[in-house]
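At position 15 of the sequence shown the residue is numbered 15 (the working numbering), and the sequence of numbers has no breaks. Glycine residues also receive a C-beta, built at the ideal position from the N, C-alpha and C atoms.
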Amino acid sequence: MTERNLSSVESPKGTSYQVKWHDKGGEVFVKRKTGMMSTWRECRGRAHSEGDAIDVARRFVRDLD
């Protein structure tokens, strides 16, 4: 399984999140870019490409703020 760190996405309130994607299983994770104690959170949905992973992350962070 290859873990890939992708670009960041922003929530509607402007909070930035890093995006990580596991290309074999399709899992997508996000982590808030600010704060030292941030942990990775698994997004709902799977991705088959880097573009899909960014889309999954964008949909997920809409509900976080």
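Counting C-beta atoms within 10 angstroms of its own C-beta, residue 21 has 16 or more neighbours from the protein chains shown and is therefore classed as buried. The beta carbons of residue 44 and residue 38 sit no closer together than 9 Å. Spanning the alpha carbons of residue 48 and residue 55 requires a straight line of approximately 11 Å.
Distance from the CA atom of residue 65 to the CA atom of residue 16, rounded to whole angstroms, is 11 Å.
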